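Have a look at the structure below before the remarks.
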Amino acid sequence: MSPSLVALSAIGLFGLVYVVVPRVALLANRWWLAAECRRRRRIAVTFDDGPGPAMTPLVLERLTAAGVPATFFVLGHNVAGNEALLAQLHRAGHEVGSHGNLHAHHVWSLPWVGVLDTREGWRRLGDVLPSTTRPISFRPPYGKLNLISWWWARRRRAAIAMWTHDSQDTRVGRRCPPAAVAAAVRRSGGGVVLLHDFDRDGAAGTDDVLARLDAVLALRHEGYEFVRVSALLASEPKAASVTAVSAGECR
Ligand SMILES: [Zn+2]
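At position 39 of the sequence shown (counting the first as 1) the number is 630 in my numbering, and the numbers step up by one without a gap.
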């Protein structure tokens, strides 16, 4: 084999490992997390990409009325100006986790960007959260890690948390109706539900998110226990401290 072919093969193999190792870890944890929710009939409602000065208070109202805790994975660049809102979430008993700083894609950006974005997101959030809220849970943007950011997060024993059911509140085109999202969670016997609390442009978008949230919250009348993600992660084997993604809940 020529030296150039050896070099190309080595680069290809590294590229495969760079993507596949964290992906397998995410999938393994997804299975574990889904099983944990099913075993204890638990639901964790989670919100990404916020806080939104208009949207998050509306979500908070719904959660308070239902008496349900949730987890908010906040972008670091949204922290400034929203300190009071974050404090309000914390005081209301919700968990505030990190979603990175600028929502960097860990696979489709330069190899070190994922680590830098994650570190900056934690730093900005850590500056406004009480020191008792450690470790700060983390959800990778787009549900992706690369080999470097995965290894880095493991070294820091990061409480990484993904989701098992996508509410499809950001999807365009054909989507599940809110009742179908709740039905998918019911069929699974519980799960970690992904929603988003960034501000929408129009009332229709806002109403759609709230309708999806209401549909999931209605499951509290069916005996499900609603928890923060840290309650699920507490019993997670440390070797697989990443939770993950599902697809096709609209079946
Ligand atoms: Zn996101």
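Glycine is no exception: its CB is placed at the ideal position from the N, C-alpha and C atoms.
Here the structure is a predicted model, which means the values were calculated and not measured.
The beta strand (DSSP E) that contains residue i, what's its start and end?
i    : result
D718 : Element bounds for D718: not the beta strand (DSSP E) but the alpha helix (DSSP H), 704-719.
I634 : 633-641
A661 : 661-665
With a cut-off of 8 Å on the beta carbons, I'd call residue i and residue j a contact; round off their distance for me.
i    : j    : result
T755 : L624 : 6 Å
A773 : L810 : 6 Å
N692 : G705 : Contact flag wrong, Cβ pair sits at about 11 Å.
V807 : V783 : At roughly 11 Å, the Cβ-Cβ gap does not stay under 8 Å, so V807 and V783 are not in contact.
H685 : V665 : 11 Å between Cβ atoms; not a contact.
L786 : R762 : Actually they do not touch by this definition, with Cβ atoms about 12 Å apart.
H696 : K735 : 6 Å
R715 : G658 : So it is not a contact: roughly 30 Å between Cβ atoms.
R677 : V719 : For clarity, residue 677 is Leu in the given sequence; the question names Arg instead. Contact holds; Cβ gap of about 6 Å.
Excluding sequence positions up to five away, which residues of its chain have a Cβ less than 8 Å from the Cβ of residue i?
i    : result
R682 : none
D805 : R653, P769
G814 : R632
L823 : L624, E627, C628, R633, A635, A752, V783, T834
L680 : P642, T647, L651, F663, V687
I602 : none
R730 : T637, D639, F664, G688, S689, H690, I751, A752, M753, W754
Over what stretch of residues does the alpha helix (DSSP H) that includes residue i continue unbroken?
i    : result
F789 : First-last for F789: undefined, no H or E at that position.
V776 : 769-779
E572 : The structure shown has nothing for residue 572, since the chain only spans 592 to 842.
A675 : 674-682
W741 : 738-746
R821 : The question names Arg, but residue 821 in the sequence shown is Ser. Start and end: 820-824.
M646 : 646-657
If you drop the 5 nearest sequence neighbours on each side, which residues of the same chain put their C-beta closer than 7 Å to that of residue i?
i    : result
Y609 : N737, L738
D799 : D760
N673 : P642, P644
G717 : I727
Name the DSSP bridge partner or partners of residue i?
i    : result
G688 : F664
L785 : T637, D757
F729 : S689, I751
Below 6 Å CB to CB, which residues in the same chain sit around residue i once its five sequence neighbours on both sides are set aside?
i    : result
A598 : none
C841 : Its pLDDT being 41, under 50, C841 is placed unreliably by the model, and the measurement read from it follows with that caveat. Hits under 6 Å: C767, A771.
A661 : V636, L654, H685
Exercise. Can you list, in chain order, every residue whose CB sits closer than 6 Å to a heavy atom of ligand 1?
Worked result: D639, D640, H690, H694, P732
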